[in-house]
Each structure stands twice: as structure tokens, then as C-alpha cells.
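In our numbering, the protein residues as written are 1045 to 1153.
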């Protein structure tokens, strides 16, 4: 697993560069920010770490997002306690990394 950080892309002022960087990733993991919304809009699998009472758009209990079907939400249960969230994220990431690779067709029919 590689964490990609590209110093030549300005994540604040280069939306095309940020879009390209997101597209190069298999999975985006972040907090609620512009990167998450852009990744969701691009349909990129994205995991979002949320506070116990997040912004209204994330709802209060769901682990899926109404706006972006490619997002999975990881929520704090208690304020300022990220340990359970990070353990849940670690388990989900291990599961994803250990699953058999999907076979792609050699050609489209």
C-alpha cells in the first residue's frame, strides 16, 4: 500500500491536478473535505472519517452517503475518541487488501 502525496499538485488551487491524483488512486481515505466530495463525484471508492456529530450532509447514523454511492462513512461513537474508528478502518482496509483480485476480461464483447 502506498500513500500518495504529490508535491507538484496544489490541492487548493489545481482542481484538474487533484482530480488526476484521485483518479490514480485505488482508494481515497480522508476526513470530510473537498477531496472527499471530488472523489465521490468522480465515483472513486472513498472512505470518510467523521466526527460523532458531523455536518448535516452526512446524516447521523448511516455508513453510506446519499449524495455519492462510492463513499463509505466511518463514524466516531464518542467525541474525541478516534481509536474505535481507526480500528474499524484498519479492519476494513485489511479485508480489502486480502481479498482476491478481481479478474478483468481480456476484451470487451
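Every residue, glycine too, gets a C-beta built ideally from N, C-alpha and C.
Since the model is a prediction, treat every value here as computed from it, not as a measurement.
Contact under 7 angstroms by Cβ, residue i with residue j
{"i": "residue 1073", "j": "residue 1086", "result": "no"}
{"i": "residue 1075", "j": "residue 1062", "result": "no"}
{"i": "residue 1090", "j": "residue 1080", "result": "yes"}
{"i": "residue 1122", "j": "residue 1095", "result": "no"}
Residue i - partner residues in DSSP beta bridges
{"i": "residue 1155", "result": "This structure leaves residue 1155 out entirely; the chain is present only between 1045 and 1153."}
{"i": "residue 1092", "result": "1074 and 1117"}
{"i": "residue 1123", "result": "Per DSSP, none; premise fails for residue 1123."}
{"i": "residue 1108", "result": "1116"}
Buried or exposed by the 16-neighbour rule on C-beta atoms within 10 Å, applied to residue i
{"i": "residue 1082", "result": "buried"}
{"i": "residue 1111", "result": "exposed"}
{"i": "residue 1084", "result": "buried"}
{"i": "residue 1102", "result": "buried"}
{"i": "residue 1088", "result": "buried"}
Next on the checklist: Taking 8 angstroms as the cut-off, does the region 1106–1115 touch the region 1133–1147 (at least 3 CB pairs, one atom from each stretch)?
Outcome noted: no
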